[in-house]
Every structure is written in C-alpha cells, then in structure tokens.
Amino acid sequence: MELMQENRGSIPMVDIQPTKGLLHLDLFAVWQHRELLYFLVWRDVLTRYKQTAIGAGWVILQPLITMIIFTVIFGNLARFPSEGIPYPVFAFTALLPWTYFSQALARTSGSVVGSTNLVTKIYFPRLLIPLSAAIAPVVDLIFSFAVLLVLMAWYRITPTWGMLALPFFIVLAIMTALAVGLWFAALNVKYRDVGSIMPFIIQIWMYGSPIAYPVSMVPQKWQLLYGLNPLVGVIEGFRWALLGKAFPDVAVMAVSSIVVVLLLFGGIVYFKKSEQTFADLI
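The numbering used here puts the first residue of the sequence shown at 941, with every later residue one more than the last.
Written as structure tokens, this is what we have:
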C-alpha cells in the first residue's frame, strides 16, 4: 500500500492506495514501521513463555531429546557416519538450525490467520506479521546454543575462527524460514487446510535434510540436486562454523543460497499481491 498525506484545513488526511505494479514491493514501509516489528516480536516471545512450567526448559528439551533419539537409532544402531565428530555433537549442531526453522515455519505459515484482529481493523505493512513470526524463534535458538557449547566442552571440541561466520548463517536461516513461510502464510488465508498439512510437510522436510546424516552420504551426482533444499546450505554452514569441519562443497552451498534468494523474492511478491484480499478472506 502507498500512503499519501494531505492537510485539508486543520485535519491531516491519509489516503491508502493499492500498490501499482507487480514488483512495487514498498519495502521501505517495513522500515518505517520497525517499532511495530519490535513490539510484534516481543509479543510473540512473551506469549511463548507465558504461563509455562519450566519456561525456556522446553526450548532446550526438544532438540536435546531428539538428539538422544538420533544418537541411539542413527548413531549406534544404523551407524551413520559423522565425519569424525562425536555423533551427539554432530546431530545437535544440525538440530539447532532445524529446530529454529521448523518453529519459524509453523508460526509464519499461520501468522496472518492468527492476527485476524490486526489485519481487519488497522493498516500497517502486512509483511511485518510473518517477519516477526520468523524472528521470534531466534530467542529459542540462543538458549539451545548454550547447550551445544556444553556438549562441545564435554567432548573437548574447541571452537574455531569459523564461529565468526555464525551470524551470517543465522541470517541465512531466518531468510530461509521467511522465504518458505511467506508462501504458506498467503496460501493459508485462502486455503485453511494448509495449516493442517504443515506438520506433515515439516516432518518430511526433516528427513530430507542432512540432520541425522552428512551430505557426503548423498551420491556425488545427486548433490547439486540435493542442494535445491535450502536448508542444506544452512545446516552445513552451521557445522562448518561451529565444529571446524571442512568447508562444504561450494557448488552445493551456492545452489542452496540461490534457492533461498529466489524463494524469498518470489514469496515477497506473492505475499504483497495477495495481501490486498486478506481482510476480505480472513
């Protein structure tokens, strides 16, 4: 939407007009409403921890229990390789971005439908809703990261200089969750069964990502195709930055990153095109 302000007498007037052109994204409006973004993120964080028995403990237990299950099944029974890294640390490092992504995708996909009162009553850039839903789970990621540091100390794994690149891969994880979440958030307004199939999509996506196994288990001829999964670059980047393993295949990382950028740009365009009907359909 474009805002046009006029002074008619002593009463300020604001005209809300539809955006013109498919690629007129008006992202500057998001920056102008950055304070609202802050409060939306803060609201989501408070809602998550309000009236919980153990608070942040739930954030730590989820990846920790999953790591234990993966270690028993894939590390001890199936004996998946872990590239010379103790399997619990190998799995938990991948579970950090995955747990964030799964939570952010679930929240983002239902964020517009869950904000009916805001969408139908006042104007603000609708993009702020899924954006705040994608940013809020970063708090959970920080709590889980503390557990990983304890595991690394237990197994005497020394952090390397690659850890300085970790903020880049965190931003890439946020972009990935937002890129996919924008598509589902807009689709969920039109087709409410999208919310019902999201848990299934997330579950399938987990086994299609290199969490319990390394990318090296994928045949070489299929690795570029496997890189179309945008989480491949995120997870491999986390393992390289935190564990000091060899830098992942540049071609696979490039393909994965390009997919994220394309999905994000397409998601913003589709979301902006669809938001004009949100108030009517929601």
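Note that CB positions come from ideal geometry on N, CA and C, so glycine has one too.
VAL1012 to THR1060 span [Cα, whole Å]: Whole-angstrom Cα-Cα distance: 49 Å.
Per-residue burial, VAL1029 [other beta carbons within 10 Å of its own, 16 or more giving buried]: Around the Cβ of VAL1029, a 10 Å sphere holds 16 or more other Cβ atoms; the residue is buried.
Outcome for PHE1124 when other beta-carbon atoms lying within 10 angstroms are tallied against a minimum of 16: Label assigned to PHE1124: buried.
Proximity below 8 Å, CB of PRO1003 to CB of ARG1047: Going by C-beta atoms, PRO1003 is not nearer than 8 Å to ARG1047.
Identity of the residue in PHE1108, TYR1166, LYS1130, LYS1213 nearest PHE1178 by Cα: Of the candidates PHE1108, TYR1166, LYS1130, LYS1213, PHE1108 places its Cα closest to the Cα of PHE1178.
Spatial distance of GLY1121 from VAL1087 (CA atoms): Counting only the Cα atoms, VAL1087 lies some 27 Å from GLY1121.
Separation of VAL1192 from ILE1025, as counted between CA atoms: Taking the straight line from one Cα to the other gives about 21 Å.
Candidates GLY1135, PHE1064, VAL1079: closest to TYR989 by CA position: The shortest C-alpha separation from TYR989 is found at VAL1079.
DSSP-derived helix/strand/coil call for ARG1066: Of the three classes helix, strand and coil, the one that applies to ARG1066 here is coil, per DSSP.
LEU1202, buried or exposed, once every other Cβ within 10 Å from all chains shown has been counted against 16: An exposed status is given to LEU1202, since fewer than 16 other beta-carbon atoms sit within 10 Å of its beta-carbon.
Backbone secondary structure at LEU1168 - three-state DSSP: Looking at LEU1168 - three-state DSSP - the assignment turns out to be coil, as it is neither helix nor strand.
Beta-carbon gap between LEU1204 and ALA1119 smaller than 8 Å: Annotated as proximal: LEU1204 and ALA1119, with beta-carbon spacing under 8 Å.
Contained alpha helix (DSSP H) runs [length at least 4] in the region 1122-1166, N- to C-terminal order: Runs of the alpha helix (DSSP H) lying entirely within the region 1122-1166 and spanning at least 4 residues, in chain order: 1133-1147, 1163-1166.
Validate contact between the region 1176-1190 and the region 1206-1219 using beta carbons, cut 8 Å, 3 pairs: The answer is no - the region 1206-1219 does not touch the region 1176-1190, with fewer than three Cβ pairs under 8 Å.
GLN945 versus THR1098 - alpha carbon distance: Because GLN945 carries a pLDDT of 49, less than 50, the predicted location of this residue cannot be relied on, and no value is offered for it.
Chain-order list of residues whose beta-carbon lies under 8 Å from that of MET1138 (same chain, five-residue window excluded): So the qualifying residues of the chain are LEU1045, ALA1046, SER1049, GLY1050, PHE1124.
GLY1135 to ILE1110 span [Cα, whole Å]: One C-alpha to the other measures close to 26 Å.
Residue from MET1157, ALA1117, THR1056 with nearest C-alpha to ILE1222: Of the candidates MET1157, ALA1117, THR1056, the one whose C-alpha sits nearest the C-alpha of ILE1222 is THR1056.
Straight-line gap, VAL1172 to PHE1020 (C-alpha atoms, nearest Å): Each residue's Cα considered, the two are about 18 Å apart.
For SER1197, the first and last residue of its enclosing alpha helix (DSSP H): In this chain, the alpha helix (DSSP H) harbouring SER1197 covers 1190-1214.
DSSP three-state assignment for LEU967, whether helix, strand or coil: In the structure shown, LEU967 sits in coil (DSSP, three-state: anything other than H, G, I, E or B).
Simplified DSSP state of THR1217, which is helix, strand or coil: Under the three-state reduction of DSSP output, THR1217 falls in the helix class.
Proximity of VAL1174 and SER1084 at Cβ, strictly below 8 Å: Inclusion of VAL1174 and SER1084 in the CB contact set at 8 Å is not warranted, their separation being larger than that value.
With 16 other Cβ atoms within 10 Å as the buried cut-off, status of GLU975: The residue in question, GLU975, is exposed, as its Cβ has fewer than 16 Cβ neighbours within 10 Å.
C-beta atoms of THR1116 and PHE1032 nearer than 8 Å: Going by C-beta atoms, THR1116 is not nearer than 8 Å to PHE1032.
Residue closest to LEU1067, alpha-carbon to alpha-carbon, out of LEU977, VAL1155, GLN1160: Nearest option by C-alpha distance: LEU977.
Three-state class that DSSP yields for ARG1019 in the structure shown: ARG1019 falls in the coil class under three-state DSSP.
Integer-rounded CB distance, given that VAL1190 should sit under 8 Å from VAL1129: Not really, about 39 Å apart at Cβ, beyond 8 Å.
ALA1093: CB within 7 Å of a non-hydrogen atom of the ligand GDP: As presented, the structure is devoid of all ligands, the ligand GDP included, so that no description of it is given.
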